[in-house]
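S.K.: Basically this note's numbering = 1-based index in the sequence shown + 812. This structure is in structure tokens; I'll ask about it shortly.
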Amino acid sequence: MTLTWPIAAAVLFGALLHASWNALVKSSQDKTLDTALIHLLGSLVTLPLLFWLGPPPLAAWPYIAASVLIHIGYYIALARAYHHGDLGLAYPLMRGSAPLLVALCSALFVGEHLSPLAWVGVLGVCCGVLALGLSRHALDSPKAVGFALANAVIIAIYTLVDALGARTASQGGDGLGTLRYVVMLFAFDGWPFALLVLARRGKAAWPHALSYAQKRWPVALGGALASLGSYGIALWAMTRAPVATVAALRETSVLFAALIGAWLLRERFTPRRAMGTAVIVAGVMALRLG
813 MTLTWPIAAA VLFGALLHAS WNALVKSSQD KTLDTALIHL LGSLVTLPLL
863 FWLGPPPLAA WPYIAASVLI HIGYYIALAR AYHHGDLGLA YPLMRGSAPL
913 LVALCSALFV GEHLSPLAWV GVLGVCCGVL ALGLSRHALD SPKAVGFALA
963 NAVIIAIYTL VDALGARTAS QGGDGLGTLR YVVMLFAFDG WPFALLVLAR
1013 RGKAAWPHAL SYAQKRWPVA LGGALASLGS YGIALWAMTR APVATVAALR
1063 ETSVLFAALI GAWLLRERFT PRRAMGTAVI VAGVMALRLG
């Protein structure tokens, strides 16, 4: 279990994919509906793949069931965080806190102990992500902060569950176990959040949702493919490198999101963001060398 440069490069590419579909959501008129549409299309895309590839080994099914249930809690906490605060507050808090929790939990439950330099890398990435996203007004929305931090705990839990599930699925066989795990997870994961969004808005909002989906589906399909590729790469990497280092490296997606926002969405790249970028880069180097 070593984070080699090829694995690190793959995870960074996955982080870029993750930032890309989040940028699509950020630029949309209806962020909640866009998120639901992306995950629903992810399920529809992976259903044929599931029949073609076949399911993962039975030993991995409990992990998939647990992950789907945990993701329901994730979507509920995500929606509440975005209800009480904006994306720029909730997203960095969730993504910046989760890797530290993963590192702590992986030492306790997976038996993976990081070197001191790797710990520096995890802390560097977390601090850099928080510096990129948070402002001095963050505490003005305490409920959003609370839901975001609760969601960071949920992210850490499903990351560990899926890492163990992917490792279980990848044992033996033809080398496609991790892919089968990811495909089956996505095939079932997208429906709960979409149904939750429709239920919360009521039947009167369904015509608007259908019209929005008809206009937005080509863009949302790109987001679904990016989400599938991003998480698939992360879980594949977790079968070959420590879970905590991959989880931390994946959160460089916030850096890519900031760069995409500055380039395409004309957002300001402030000195604080430049400092956060430097800290993340230093953290990535420490993760690799650690």
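We put the beta carbon where it would ideally sit given N, CA and C, even for glycine. The structure displayed is predicted, hence computed values, not measured ones.
Measure from the alpha carbon of Leu881 to the alpha carbon of each residue in Leu870, Ile967, Ala910, then state which is nearest.
M.R.: Considering only alpha carbons, the answer is Ile967.
S.K.: Verify whether the separation of the beta carbon atoms of His896 and Ser953 is less than 7 Å.
M.R.: Taking 7 Å as the Cβ cut-off, His896 and Ser953 qualify as a contacting pair.
S.K.: Applying the criterion that 16 or more other CB atoms from any shown protein chain within 10 Å of the CB defines a buried residue, is Lys838 buried or exposed?
M.R.: By the neighbour-count rule (16 or more Cβ atoms within 10 Å), Lys838 is buried.
S.K.: Among the residues of its own chain, which have a CB less than 6 Å from the CB of Arg1085, if the five just before and after it don't count?
M.R.: Leu944, Ala1070.
S.K.: DSSP state of His925, grouped into three classes?
M.R.: DSSP places His925 in coil when its eight states are reduced to three.
S.K.: Where Arg979 and Met1050 are concerned, what is the direct C-alpha to C-alpha distance, given to the nearest angstrom?
M.R.: If I take the Cα positions, the gap works out to 8 Å.
S.K.: Taking the alpha-carbon of Leu1061 as reference, which of Leu997, Ala827, Ala1090, Val857 has the nearest alpha-carbon?
M.R.: The shortest C-alpha separation from Leu1061 is found at Ala827.
S.K.: Indicate the three-state DSSP secondary structure (helix, strand or coil) for Leu988 in the structure shown.
M.R.: Coil at Leu988, not helix or strand.
S.K.: By DSSP, does Ala1070 sit in helix, in strand, or in coil?
M.R.: Three-state DSSP puts Ala1070 in a helix.
S.K.: With distances taken between CB atoms, is the gap from Ala1021 to Gly854 smaller than 7 Å?
M.R.: Contact flag unset, no.
S.K.: Just list the alpha helix (DSSP H) runs in the region 857 to 902, keeping only unbroken ones of 4 residues or longer that don't cross its boundaries, in chain order.
M.R.: 873 to 896, all fully within the region 857 to 902.
S.K.: Does the region 1039 to 1053 touch the region 882 to 892, meaning 3 or more C-beta pairs lie closer than 8 Å?
M.R.: The region 882 to 892 vs the region 1039 to 1053: no contact.
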